[in-house]
């Protein structure tokens, strides 16, 4: 009987459970989302805890191991740029423009929805930028959490505003610097 190769991992971290999925070729990450947004049967995914040693997990795709390693470094404050390959296998042309623009926001910095709309050449499309952010399939690595309201308030995050606040404060190494939407 051949060992099962997992294409999905559930990683436990300080924000809860992250679902991480790679493509069939196992050469790119196609999804990082917060659980329970996606319901994956336990037998279809390997659950990894933050302290687990994955060196013995021969049947896990290299790209998934790399992603877990890079995310651990990120949450430990040791990584600011991700090197893992990603692939947006879904989405419209507009969404891809937004997601590519998100990747240009440096660690520890934020942009407004309006700034992203202007960056992609659609200055009045800030609401559409918000919708594209909401559909971002690769959270954290494609940093949609770095987009805030023009009034400097935290608005809109598919993972929840509490998680967005934690990520931004972690990146800026400060506490309580962002206000949640009232």
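In my numbering, the protein residues as written are 9 to 190. Just so you know, even glycine gets a beta-carbon here, dropped at the ideal spot from N, CA and C. No experiment lies behind these values; they were computed from the predicted model shown.
Distance, residue j Cα to residue i Cα
i	j	result
residue 105	residue 68	31 Å
residue 21	residue 122	31 Å
residue 178	residue 162	15 Å
residue 157	residue 120	5 Å
residue 164	residue 78	25 Å
residue 98	residue 80	26 Å
residue 76	residue 135	32 Å
Status (buried if at least 16 other CB within 10 Å, exposed otherwise) for residue i
i	result
residue 93	exposed
residue 18	buried
residue 159	exposed
residue 144	buried
residue 114	exposed
Nearest-angstrom Cβ-Cβ length linking residue i and residue j, presumed shorter than 8 Å
i	j	result
residue 71	residue 34	6 Å
Beta-carbon gap between residue i and residue j smaller than 9 Å
i	j	result
residue 95	residue 38	yes
residue 26	residue 41	yes
residue 140	residue 127	no
Where the beta strand (DSSP E) containing residue i begins and where it ends
i	result
residue 26	24-30
residue 165	Taken as a continuous stretch (DSSP letters only), residue 165 belongs to no beta strand (DSSP E), as it is neither H nor E.
residue 20	16-21
Within-9 Å CB hit, residue i to chain C
i	result
residue 138	Absent here is chain C; the protein component of the structure consists of one chain.
Host alpha helix (DSSP H) of residue i (start-end)
i	result
residue 77	70-83
residue 42	Premise fails: residue 42 lies in the beta strand (DSSP E), 37-42, not in any alpha helix (DSSP H).
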